[in-house]
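In terms of this note's numbering, the sequence shown is residues -12 to 227.
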Amino acid sequence: MELLLGVLEYSFIPAYGITLLLAVFRFPKYFDTPLKYFPVIVCYTLVTEMLGYFIRKYDEYDLFLSEIYATYNVLIYNIYNIIFYLYWFYVFESYLTNSGFRKFRIGAIVLFSLTAAINPFFQKFGLEPQFYTYVVGGIVLLIYIVSYLYERYRSSGALFQKDDLLSWLALGLFSFYAGYLPIKIARLFRAMEGLRSEPRYFRNITLLLIVLMYTLFCIGLWKMRKMRYVKSAQEQGGNR
């Protein structure tokens, strides 16, 4: 077990790097689709995680990086989460052609936006992680993922296609957020009770979920066929 945990500690950053390399290598297959910014998202994640890793592991970096990191990391993280969620909402909305639940999805995005606007009144945006924004965003993203996979099933009879990149990305995102959101919520309750430490398995499960998510991303990038842009229901309706 200790060996497995050690492997996880040193695996999640390489997982980001390998995903970024594959995303760049396969870029010609999706450069003209809503996924064209995917490498940027992965690169930003990699840089942020590497900075935090070096500060935690090596004291010599702490002298000149820790103050900057401590000052700006929460702010950058909060901004990143909003951009990350809005990007994936946009991607999945672009590929959903059934307008039946579109009002519900748009309502969910409005709820997320309102939460992101109100959350700073309860948690300082530049100093504290925006818990409510993160959780609501994660739930909305799960709704989008389920909608996408369900629509694929309705149109093709298959819930998942092994050469469809977005199916793999959806599976990876679903695996992470379905597993991590309960941990995020548990951390809030522990903080409200004044508990500063957390069970070791919280981090172990989180690392496992990260590695799983990016492994699925890599498999999807490797197996993918060239993607085509599918117009959303709104765009299709506007062209009639």
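In this text, a Cβ means the ideal position worked out from N, Cα and C, and glycines have one as well.
Of the residues the options, the one placed nearest residue i, counting alpha carbons only
{"i": "Asp150", "options": "Ile105, Lys213, Leu182, Glu36", "result": "Lys213"}
{"i": "Tyr140", "options": "Leu83, Leu7, Gly(-7)", "result": "Leu83"}
{"i": "Lys210", "options": "Phe108, Glu(-4), Leu9, Tyr135", "result": "Leu9"}
{"i": "Leu98", "options": "Val11, Ala178, Tyr72", "result": "Tyr72"}
{"i": "Met200", "options": "Ala165, Ile66, Ser143", "result": "Ala165"}
{"i": "Arg215", "options": "Phe18, Leu(-5), Arg13, Tyr3", "result": "Phe18"}
{"i": "Ile197", "options": "Ser184, Tyr167, Ala104, Ala173", "result": "Tyr167"}
{"i": "Asn106", "options": "Phe14, Gly124, Arg89", "result": "Gly124"}
{"i": "Glu80", "options": "Met179, Leu146, Tyr135, Phe14", "result": "Tyr135"}
8 Å contact criterion, which residue i and residue j should meet: CB distance rounded
{"i": "Tyr31", "j": "Pro116", "result": "Incorrect: roughly 17 Å between the Cβ atoms, too far for contact."}
{"i": "Asn68", "j": "Tyr121", "result": "6 Å"}
{"i": "Asp6", "j": "Cys205", "result": "In the sequence on display, residue 6 carries Thr and not Asp. 6 Å between Cβ atoms; contact."}
{"i": "Thr202", "j": "Ile170", "result": "Not confirmed; about 19 Å, so no contact."}
Cα-Cα separation between residue i and residue j, rounded to whole angstroms
{"i": "Pro26", "j": "Tyr77", "result": "16 Å"}
{"i": "Gly87", "j": "Gly113", "result": "39 Å"}
{"i": "Lys229", "j": "Trp75", "result": "With the chain represented from -12 up to 227, any question about residue 229 goes unanswered, as that position is not in the structure."}
{"i": "Phe91", "j": "Leu22", "result": "23 Å"}
{"i": "Phe(-1)", "j": "Leu38", "result": "13 Å"}
{"i": "Leu153", "j": "Gly207", "result": "8 Å"}
{"i": "Leu182", "j": "Asn85", "result": "46 Å"}
{"i": "Val29", "j": "Glu36", "result": "11 Å"}
{"i": "Gly4", "j": "Gly(-7)", "result": "19 Å"}
{"i": "Val11", "j": "Gln110", "result": "37 Å"}
Bounding residues of the alpha helix (DSSP H) (the contiguous stretch that carries residue i)
{"i": "Ser154", "result": "152 to 179"}
{"i": "Pro1", "result": "-1 to 12"}
{"i": "Met211", "result": "Met211 -> no alpha helix (DSSP H), and no H or E assigned at all."}
{"i": "Phe91", "result": "89 to 105"}
Closer than 8 Å to chain B by CB, residue i
{"i": "Lys149", "result": "The structure shown contains no chain B; it holds only a single protein chain."}
- Touch check for the region 101 to 119 and the region 188 to 208: three-plus C-beta pairs under 8 Å? Result no; under three Cβ-Cβ pairs closer than 8 Å.
- Inter-stretch contact (C-beta, 8 Å, three-pair minimum) for the region 123 to 135 and the region 159 to 175: Counting Cβ pairs under 8 Å, three or more are found: they touch.
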